[in-house]
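J.:
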Amino acid sequence: MRRSQKPEWQTKIAKERIEILFSLAEKEFKGHPERSRRYVELAKKIGLRYNIRLSKGEKDKFCKNCDTLLKPGATSQVRLDKSTKTIKVTCLNCKKVYRRPYK
């Protein structure tokens, strides 16, 4: 049996909350990295609960393994691999590597 879909007003509020949590995570990153991580975790949970897909930009902002906000130089390392034409992003907290094609 199929689950009933949430009302439109609930998904709208959930989308707004996700945007707010991501902006708060970016603001709090420098002073309180653990709080920033918690905001990302909450945004992911809201997205799962209300079946909201995160945009490509939102997905690329955090590590899927440890929910850390990925900032080049601070919490991530970005390298270009010319042979495979990929961008290699390494999370410095959990050492997870993400590869994205750039061509």
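The numbering of the sequence shown is my numbering, which starts it at 4 and goes up by one. Think of the CB as a built atom: it goes at the ideal place given N, C-alpha and C, for glycine as much as any other residue.
(1) State yes or no: is the C-beta of R102 within less than 8 Å of the C-beta of K91?
(2) Could you pull the start and end residues of the beta strand (DSSP E) that P104 belongs to?
(3) Helix, strand or coil for K55? Go by DSSP, reduced to three states.
(4) If you drop the 5 nearest sequence neighbours on each side, which residues of the same chain put their C-beta closer than 7 Å to that of I49?
(5) On the DSSP bridge assignment, give the partners of P75 in chain order.
(6) Does the pairing of the stretch 50-59 with the stretch 73-89 give three or more beta-carbon distances under 8 Å?
(7) Quick check on the DSSP output: the beta strand (DSSP E) that includes T89 runs from which residue to which?
(8) If you compare alpha carbons, which of T93, R52, T78, K67 is closest to Q13?
T.: Let me lay it out:
(1) For this step, residue 102 is matched to residue 99 along the sequence shown. For this step, residue 91 is matched to residue 88 along the sequence shown. K91 is positioned such that its CB atom lies closer than 8 Å to that of R102.
(2) Locating residue 104 in the sequence shown gives position 101, where the first residue counts as 1. Residues 100-104.
(3) Locating residue 55 in the sequence shown gives position 52, where the first residue counts as 1. Strictly speaking, residue 55 in this sequence is Ile, with Lys absent from that position. DSSP places I55 in coil when its eight states are reduced to three.
(4) Translated into the one-based positions of the sequence shown, residue 49 becomes position 46. Apart from sequence neighbours up to five positions away, the residues of its chain that approach I49 with a beta-carbon distance below 7 Å are A17, R20, I21, ordered along the chain.
(5) Against the sequence shown, residue 75 aligns to sequence position 72. As DSSP reads the structure, P75 sits in a beta bridge with S79.
(6) In short, these stretches do not touch, since the Cβ pair count stays below three.
(7) Looking up residue 89 in the sequence shown gives position 86. Segment 89-94, the beta strand (DSSP E) holding T89.
(8) Numbered from its first residue, the sequence shown carries residue 13 at position 10. Minimum Cα-Cα distance from Q13 among the listed residues T93, R52, T78, K67 corresponds to R52.
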